Amino acid sequence: MSISFSQELLIPTVLVLLVSLCLYFRSSSRSKNPSVLPIDWPIVHMLPAFIANLHNLCDYCAASLAESGHNFRIHLPQAHMFLTCDPVNIRHIFTTNHTNFPKGVEFAAIFDIMAGSFFTIDGEPYHRQRVKFHSVLGNPRLVASMVACCRDKMENGLLPLFTQMASTGTPFDMQEVVSRFMFDLAATSLFGVDTSLLSLDMPPMDVAIAMDTVMEVALFRHILPASCWKAMRWLNIGPERKLDAAHTVLRGFVTDMIKEKINRGCIGNEEEQESADILSSYINDPDYADVELLHAMLLAFMLAGKDTIGVTLIWTFYKLAQNPKIVSIIRSELSPIALHKIDTGTGAMVIFDPEETKSIVYLRAVLYETLRLYPPAPFERKTMVADNIMPSGHEVHAGETILISLHSMGRMEDIWGKDCHDYNPHRWLLEGSNKLRYEPSHKFLSFNSGPRICPGKEIAVIQMRTIVATVVWNFDLEVVKGQSIEPKLSCTL
Ligand code: HEM
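Position 9 of the sequence shown, counted from 1, bears residue number 14 in this note's numbering, the numbering being contiguous throughout.
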């Protein structure tokens with residue numbers, strides 16, 4: 006181990022945190038200035054304000070960016086960062102000048118469980134992986150199998166569970182149910198194995214929880230100085246201890262899945278190689294013979310496909326429960342299709358297929374509106390290669406961290422209008438028509454932008470459209486009174 010530290014390092018860290026909090030509360034109790042922008046103190050810089058607002062970090066960044074005109078510099082004792090949600094800067098970072106804004110080594114270190122996979126790398130190695138995952142995700146057999154699996158899981162998992170809860174009037178945790186459902190879907194498309202986390206007996210979901218831990222501890226790693234979290238990892242204490250346990254669970258899970266595939270005799274077996282799951286495309290590929298890399302790739306796929314859709318569904322159900330008018334519009338658009346299905350005798354519970362919901366533009370508008378306000382990845386992080394002047398006029402320097410707040414973008418009045426905080430799917434429709442309004446990806450960044458735009462976007466929309474249509478047609482959604490529904494402290498919203 007190259008680092009040699011002791012617990013002594015933690016004492017100054019704790020002291021800095023305490024001083025920070027004192028300064029923050031002193032300044033906020035004295036100040037008559039309604040500005041939310043953090044004060045830049047000597048030594049501790051803006052740390053007090055960020056620590057005090059840790060519980061509502063996304064909203065705090067949105068308020069600060071609104072006040073500062075979409076950009077501001079964050080000064081912390083360990084680093085200076087440039088925070089932006091400015092569409093002109095975003096186009097510059099993600100498209101026109103993207104080679105100058107890689108993810109960088111710090112990002113790769115934070116997500117070390119996915120080291121070497123497309124999620125953490127840049128440059129030529131990334132390009133080689135990109136060609137491969139585009140061809141894998143573009144395989145019509147994979148898409149067809151994902152659609153079929155989604156239908157099967159709704160019919161035999163989600164709908165029976167909701168029916169039971171509704172018939173007995175039992176409240177339940179929607180986030181947990183959706184997480185189980187999405188885990189099964191993602192695992193089937195990835196490994197060709199049904200993990201059956203979504204069943205009436207609700208089996209333990211250690212692997213799904215381990216994935217949540219990775220994203221929660223990653224936020225902590227983004228915030229703390231690298232030397233600090235690396236010290237904690239070395240000492241195996243605090244969140245790093247939890248993360249280490251989560252890594253063990255995840256590695257064990259992926260190893261079991263690969264073993265199962267090998268036991269089915271897929272090595273060199275052409276029929277298996279043609280199987281409609283992602284692992285089949287990688288397991289016989291000599292470029293991925295390194296076990297660590299294969300594990301990292303599979304976990305990156307799991308992350309890309311599970312939480313993104315899961316998070317969008319949960320926020321959509323929450324907003325629909327609060328907006329009965331939007332539910333009525335969706336139902337009236339679905340009504341002709343549903344009535345036809347009932348007439349043709351497909352049973353009382355209506356399950357929509359992707360082709361049937363394709364023409365319902367309003368459903369896509371509902372999903373985009375959720376993604377505008379609740380992007381599953383609320384932040385992106387880049388590292389500058391060479392000094393640069395942003396289109397906004399700000400100077401940024403080589404090695405500096407650039408944080409892009411996707412969450413704030415959807416909440417800027419001068420980007421989305423005075424009603425930017427309202428949940429209003431109609432903003433996505435062209436006036437007086439039933440056509441979708443085009444918004445460029447540097448303004449609507451939820452699926453990323455430029456050469457690294459999400460290749461799973463259409464698959465995700467197809468799945469989410471059919472799930473939302475089916476749930477909304479068959480059930481009324483109601484939020485249990487007295488709930489405090491807020492984003493968790495995590496890299497996933
Ligand atoms: C609501 C659903 C989804 C959202 C909002 C979403 C969003 C994103 C975002 C923001 C990125 C960039 C991440 C980064 O580089 O830091 C990304 C990349 C990616 N996504 Fe998605 N995603 C979704 C669903 C999916 C699905 C279902 C798949 C695959 C089955 C997928 C596959 C990928 C892959 C392979 C990348 C890496 C692209 C690259 O680096 O070039 N995504 N996605």
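The beta-carbon is built from N, C-alpha and C at its ideal position, and this holds for glycine as well.
Just so you know, these numbers come straight off a predicted model, no measurement behind them.
{"Item": "Beta-carbon proximity check, Cys155 vs Thr497, cutoff 8 Å", "Value": "no"}
{"Item": "Neighbour-count burial assignment, Arg96, 16 or more Cβ in a 10 Å radius", "Value": "buried"}
{"Item": "Neighbour-count burial assignment, His345, 16 or more Cβ in a 10 Å radius", "Value": "exposed"}
{"Item": "Whole-number beta carbon distance between Met159 and Arg185, since they are thought to touch under 8 Å", "Value": "Their Cβ separation, rounded to whole angstroms, is 13 Å, which puts Arg185 and Met159 out of contact at 8 Å."}
{"Item": "Separation of Trp320 from Val371, as counted between CA atoms", "Value": "11 Å"}
{"Item": "Cβ contact (3+ pairs, closer than 8 Å) linking the segment 414-431 and the segment 350-364", "Value": "no"}
{"Item": "Tyr428, buried or exposed, once every other Cβ within 10 Å from all chains shown has been counted against 16", "Value": "buried"}
{"Item": "Alpha-carbon to alpha-carbon, Gly398 and Met389", "Value": "16 Å"}
{"Item": "The alpha helix (DSSP H) enclosing Phe55, as first and last residue numbers", "Value": "52-57"}
{"Item": "Local conformation of Ser140 per DSSP, three classes", "Value": "helix"}
{"Item": "Three-pair Cβ contact test at 8 Å for the segment 429-442 versus the segment 61-75", "Value": "no"}
{"Item": "For Thr388, the first and last residue of its enclosing beta strand (DSSP E)", "Value": "384-388"}
{"Item": "Within 8 Å, strictly: CB atoms of His412 and Ala67", "Value": "yes"}
{"Item": "Where Gly86 sits in the DSSP three-state scheme", "Value": "In the sequence on display, residue 86 carries Met and not Gly. DSSP places Met86 in strand when its eight states are reduced to three."}
{"Item": "Ligand 1 heavy atom lying under 7 Å from the CB of Gly197", "Value": "no"}
{"Item": "Inter-stretch contact at 8 Å, needing at least 3 Cβ pairs: the segment 170-178 / the segment 304-316", "Value": "no"}
{"Item": "Environment of Val401 [buried if 16+ CB atoms lie within 10 Å]", "Value": "buried"}
{"Item": "With 16 other Cβ atoms within 10 Å as the buried cut-off, status of Gln134", "Value": "buried"}
{"Item": "Span of the beta strand (DSSP E) around Thr406", "Value": "406-410"}
{"Item": "Ile365, DSSP secondary structure in three states", "Value": "coil"}
{"Item": "Per-residue DSSP class, three states only, for Ser11", "Value": "With a pLDDT of only 42 at Ser11, under 50, the local geometry of the prediction cannot be trusted, and the value read off the model is given with reservation. It is coil, neither helix nor strand."}
{"Item": "Closer than 7 Å: Ser172 CB and nearest ligand 1 heavy atom", "Value": "no"}
{"Item": "Reference Asp181; option with closest CA among Phe123, Asp312, Ser150, Phe124", "Value": "Before going further, note that residue 181 is Glu rather than Asp in the sequence given. The residue with the shortest Cα to Cα distance from Glu181 is Asp312."}
{"Item": "Pick from Leu378, Ala474, Lys440, His447 that is closest to Leu368, judged by C-alpha positions", "Value": "Ala474"}
{"Item": "Coil, strand or helix - Ile79 by DSSP", "Value": "strand"}
{"Item": "From Lys363, Ile288, Met262, Pro43, residue whose alpha carbon lies closest to that of Glu463", "Value": "Lys363"}
{"Item": "Length of the line joining the Cα atoms of Val148 and Ile394", "Value": "42 Å"}
{"Item": "Distance between Thr317 and Pro381 (C-alpha atoms, nearest Å)", "Value": "7 Å"}
{"Item": "Helix, strand or coil at Val219 [DSSP, three-state]", "Value": "helix"}
{"Item": "Distance cut-off 7 Å: Leu376 Cβ against heavy atoms of ligand 3", "Value": "With respect to small molecules bound, the structure shown includes ligand 1 and not ligand 3."}
{"Item": "Three-state class that DSSP yields for Ile242 in the structure shown", "Value": "coil"}
{"Item": "Residue from Leu298, Asn439, Ala301, Pro329 whose Cα sits closest to the Cα of Val366", "Value": "Asn439"}
{"Item": "Contact test: Thr406 Cβ vs ligand 1 heavy atom, cutoff 7 Å", "Value": "no"}
{"Item": "Thr218: CB within 7 Å of a non-hydrogen atom of ligand 1", "Value": "no"}
{"Item": "Bounding residues of the alpha helix (DSSP H) (the contiguous stretch that carries Thr193)", "Value": "179-196"}
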